[in-house]
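Here's the structure we're looking at; comments come further down.
Have a look at this one:
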């Protein structure tokens, strides 16, 4: 059984009223839990990702959580706050609060946690295609970078 049923096969069973619903969602019916990646990200995750991207070029400052300067967890805290979700202040605390997910389940807007020896030391927001928005270090700024390490955890904000 496929996750998507195309309009012609479904119309014979669905009737005219349901055809309007199908047209409104792009002509396909998705089975629960089978949404493609582009449609799967929640609205708060998408908004947080867009907020983080809008801060491109904002300078890094240790302990800052916006609106013009950020450290790594300050950026994620700020972006999710603007999206209507609360996160604790540090990267480790944010990891502890998120729902932990596998790399294969990651979606745009999920948090990417960098760790060493079991300790989380950095966080960014997943942007897709193996990239994150983050505020990396003193002398740098908010930017889009490739994930440079295999020692990462993923978390979804609830």
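Numbering (the working numbering), first residue to last: 1427 to 1584. Glycine is no exception: its CB is placed at the ideal position from the N, C-alpha and C atoms. Source: prediction; values computed, not measured.
Exercise for review: Tell me residue 1550's beta-bridge partners as DSSP assigns them.
Suggested key: When beta bridges are read from the DSSP output, residue 1550 appears opposite 1538.
Point to revise | the segment 1570–1577 in contact with the segment 1540–1556 per 3-pair CB rule at 8 Å | key: yes
Point to revise | Distance, residue 1493 Cα to residue 1477 Cα | key: 11 Å
Check your understanding: CB-CB under 6 Å to residue 1483, same chain, minus the five flanking residues each way: which ones, in chain order?
Key -> 1567
Point to revise | Collapsed DSSP secondary structure at residue 1578 in the structure displayed | key: Residue 1578: strand per DSSP, three-state reduction.
**Study point:** Other residues of its chain near residue 1525: CB distance less than 7 Å, five sequence neighbours each side excluded
**Key:** 1581, 1582, 1584
Check your understanding: What do you get for residue 1488, buried or exposed, if any count of 16 or more other CB atoms within 10 angstroms of its CB means buried?
Key -> Classification of residue 1488: exposed, given that the 10 Å Cβ count is below 16.
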